[in-house]
Structures are given as C-alpha cells and as structure tokens.
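Visitor: Plus 681 on top of the position in the sequence shown (first one is 1) and you've got the working numbering. Please find one structure pasted underneath; my questions will follow.
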Amino acid sequence: MIRRFNRRQRIRAVGSILIGIVAYLLAFAFFYFVANRAASMLPPGLPDWFESAASASILAIITVSGWIRHRRNEAADLSDAVMWKGDVDMPGAFVAQDRINQVSATAWMLSQLFLAGPQRILQAFDLWRSCLPVGTDLEQRMLLLLRELRSRNQWVPVESFQQHGEALAALIRTGHVEFSSIKGRLRASS
C-alpha cells in the first residue's frame, strides 16, 4: 500500500519535472525569439549575448512569480483571463470585443504556459516529499485501521480513532479513507 502510493507520487513528480522543463524551454525560446526581433529593430552594435541575457532575466522573473504563486497555493483558473463581456449592439463594437478577447485570452494562455515551469517543478518537490516512510510498522497499522473502518461501512466520528493519528493521516493521504473536516467524520473509501 505504501510502496504503491510512493511509486505513484514519484512517477507524478518525474512527470511534473519533465513538464516543467519543457515549459521552461518553451518560455526561453519564446523570449529569445522576442528579444531577437527587438534587437533586429534596434541600431546595430548590441552585444551577441543580448538575446540570451534578456531571456534569462525574464525566466528569473517567471521563476520568482511561479514560486510566489506556488507558495500562495493559487491555482490557474480560466476565469482569471480578462474577457470583455459588455453588451454589443453595433458591428464595430462586436469586432472590437472579439479582438480584445483574442488578445487577452492569448496573453492568459502564455502566462499559464510560462508559469507552468516553476510551478510544476515545485509541485514535483511537494509530491516527492509527500511520500510515506517505508520499513516501519505504519503499513500494518494502516491495514488494521482500514479493515476496521471497512467493517463499520459508515461515517464514524474521528474522535474514536485519535490514538491512531499517524495511520489515519496516512490513509487519508493515500485516498483509502474519506474525511469530512466539516462534520469531523470519516469512512473507508469505496
């Protein structure tokens, strides 16, 4: 039970790291291209490292922003995208609304792609740290507690299991037990 949970967490962590690296590479390529285009519009004489330095500094800003967002536990939501939802009664206003929504949706999508790099890598660290200890009697206590909860087959008060805190927390974390914090009750997952 613990080994399977730990294996699943580690596979998810490796997947998150790979997604984060791909997101970082996409962000670097995007900003390298933008810096290259900006450098081509400026007078000649810029150093050769300008594009790389500009891209790296923007990635540093993205990393700090992703870290802050991860610390605040903010999740991406499509409603975060700024969309103009005004009443449209003229064709010109409809075209303007459509263009504004296209630009804001694209900007939101790019920001989510860029922030995916640091957020996914930090999520991978969280997944790796959430692994349970192997080699202790924790799994045996978890199995006994789970068997008792399944035999009751109903929601029971959590107070009756206070002496099994570590095993109960591990069962909740692995998804074998459902816990209602509002009612203070728990039951074995079906």
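Yeah, the Cβ is synthetic: ideal placement off N, Cα and C, and Gly gets one too.
Terminal residues of the continuous alpha helix (DSSP H) containing Phe-686?
Guide: Against the sequence shown, residue 686 aligns to sequence position 5. Start and end: 683-722.
Visitor: How is the beta strand (DSSP E) around Glu-859 delimited, first residue to last?
Guide: Against the sequence shown, residue 859 aligns to sequence position 178. From DSSP, the beta strand (DSSP E) with Glu-859 extends over 858-861.
Visitor: Leaving out five residues before and five after Thr-855 in sequence, what residues of the same chain have Cβ atoms less than 6 angstroms from its Cβ?
Guide: Here residue 855 refers to the residue found at position 174 when the sequence shown is read from its first residue. For Thr-855, where only same-chain residues beyond five positions count, the Cβ hits under 6 angstroms are Phe-686.
Visitor: Whole angstroms is fine: what's the gap from Gln-800's alpha carbon to Gly-816's?
Guide: The count along the sequence shown starts at 1 and reaches residue 800 at position 119. The count along the sequence shown starts at 1 and reaches residue 816 at position 135. One C-alpha to the other measures close to 31 angstroms.
Visitor: Shortest alpha-carbon distance to Glu-820 belongs to which of Ile-698, Ala-848 and Arg-693?
Guide: The residue labelled residue 820 in the question sits at position 139 within the sequence shown. Considering only alpha carbons, the answer is Ala-848.
Visitor: Hey, how far is the Cα of Arg-890 from the Cα of Met-823?
Guide: As displayed, the chain neither begins before 682 nor continues past 871, which places residue 890 out of reach and without an answer.
Visitor: To which residues of the same chain is Thr-744 closer than 8 angstroms at the C-beta, ignoring the five residues directly before and after it?
Guide: Looking up residue 744 in the sequence shown gives position 63. Excluding residues within five positions, the ones whose Cβ falls inside 8 angstroms are Gly-798 and Pro-799.
Visitor: Alpha carbon to alpha carbon, how far is Glu-829 from Trp-789?
Guide: The count along the sequence shown starts at 1 and reaches residue 829 at position 148. The count along the sequence shown starts at 1 and reaches residue 789 at position 108. The alpha-carbon atoms of Glu-829 and Trp-789 are separated by roughly 49 angstroms.
Visitor: Pro-838 bridges to which residues according to DSSP?
Guide: Taking the sequence shown and counting its residues from 1, one reaches residue 838 at position 157. DSSP lists Arg-866 as partners of Pro-838.
Visitor: Tell me which residue opens and which closes the alpha helix (DSSP H) that Arg-828 is part of.
Guide: As a first step, residue 828 must be located in the sequence shown, where it is residue number 147. Here the alpha helix (DSSP H) through Arg-828 covers 819-833.
Visitor: In three-state DSSP terms, what is Pro-799?
Guide: As a first step, residue 799 is located in the sequence shown; it is residue number 118 there, counting from the start. If DSSP states are grouped into helix, strand and coil, Pro-799 belongs with the helices.
Visitor: Between the alpha carbons of Phe-911 and Pro-772, how many angstroms are there, rounded?
Guide: The displayed coordinates of the chain run from 682 to 871. Any statement about residue 911 would go beyond what the structure contains.
Visitor: For Ala-710, does the count of other Cβ atoms within 10 angstroms reach 16, so buried, or fall short, so exposed?
Guide: Here residue 710 refers to the residue found at position 29 when the sequence shown is read from its first residue. Classification for Ala-710: exposed.
Visitor: Here's the rule I'm using: 16 or more other beta-carbon atoms within 10 Å means buried, otherwise exposed. How should Phe-714 be labelled?
Guide: Here residue 714 refers to the residue found at position 33 of the sequence shown. By the neighbour-count rule (16 or more Cβ atoms within 10 Å), Phe-714 is not buried but exposed.
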